[in-house]
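J.: Residue numbers (my numbering), protein chains in the order written: chain A, 29 to 133; chain B, 29 to 133. Heads up, the beta-carbon is just placed ideally off N, CA and C, and yes, glycines get one too.
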């Protein structure tokens, strides 16, 4: 990964809540977003509601490099968020990491 | 771009509506998503509402290659959606294209 200078890391993920846990997960997710945004190397961190599934929260994150993202994963509050949100979720949360470079076509 | 076999193209974009245009843009956006998903080479096309800004719609799209994305941009209804949504938006819509490869860290 260190070979790919110029790339950013894009992380996308989703958590689907139950009707009775949506508001709680949303509060946890927003706190996670606001906290993560302050971490070194975080270029973007945001959470959205799927228009087709109002119980599904979708995260989009941009990180400058692998080191920054590793640090983020190792922050205590990051782990606590994942555990707390997973316990409230309707299904196992998903996450994918991409090495990405802006292009024009 | 053709050198980067294994990559997908990720498109992210956003449209911020006005209070009086949000519902109309949301309907147009969802129709655009459902139509685009049927196009050759579309791996993902979805639209979400920013938790921090309920007037902001955020799109995430995955396309197999540049050719598929070019075709998508040239579909008449794609252009009409962009024009119609832009006319209703509070500010100029944003869009970025990334060449992206899934990685594990």
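Just to confirm the assignment, what range does the beta strand (DSSP E) spanning residue 41 of chain A have?
T.: First-last of the beta strand (DSSP E) with residue 41 of chain A: 36-44.
J.: What residues in its chain sit with their C-beta under 8 angstroms from that of residue 74 of chain B, if we drop five residues either side in the sequence?
T.: Same-chain partners within the cutoff: 61, 87, 88, 89.
J.: Taking 9 angstroms as the threshold (C-beta atoms), are residue 37 of chain B and residue 131 of chain A in contact?
T.: Going by C-beta atoms, residue 131 of chain A is nearer than 9 angstroms to residue 37 of chain B.
J.: Cβ atoms of residue 127 of chain B and residue 129 of chain A: under 9 angstroms apart, would you say?
T.: Yes, Cβ-Cβ distance for residue 129 of chain A and residue 127 of chain B is below 9 angstroms.
J.: Does the beta carbon of residue 40 of chain B come closer than 9 angstroms to any beta carbon on chain A?
T.: Residue 40 of chain B counts as touching chain A.
J.: Within its chain, find whatever has a CB closer than 7 angstroms to the CB of residue 112 of chain A; leave out the 5 residues flanking it on each side and keep chain order.
T.: The answer, listed in chain order, is 56.
J.: Are the C-beta of residue 37 of chain A and some C-beta of chain B separated by less than 9 angstroms?
T.: Closer than 9 angstroms: yes.
J.: From the beta carbon of residue 43 of chain B, is the nearest beta carbon of chain A less than 9 angstroms away?
T.: Not an interface residue.
J.: Does residue 51 of chain B come within less than 9 angstroms of chain A when only Cβ atoms are used?
T.: Not closer than 9 angstroms to any Cβ of chain A, the Cβ of residue 51 of chain B fails to qualify, so no.
J.: Residue 101 of chain B: buried (16+ other C-beta within 10 angstroms of its C-beta) or exposed?
T.: Classification for residue 101 of chain B: exposed.
J.: When you compare the CB positions of residue 45 of chain A and residue 71 of chain A, do they come within less than 9 angstroms of one another, or not?
T.: Going by C-beta atoms, residue 45 of chain A is not nearer than 9 angstroms to residue 71 of chain A.
J.: So for residue 133 of chain B, helix, strand or coil by DSSP?
T.: Here residue 133 of chain B sits in coil by DSSP.
J.: Excluding the five sequence neighbours on either side, which residues of its own chain have a C-beta within less than 8 angstroms of the C-beta of residue 125 of chain A, listed in chain order?
T.: 37, 38, 39, 97, listed in sequence order.
J.: Which residues in chain B have a C-beta closer than 7 angstroms to the C-beta of residue 108 of chain A? List them in chain order.
T.: Ordered by position in chain B, no residue passes the 7 angstroms Cβ test against residue 108 of chain A, which lies about 19 angstroms from the chain.
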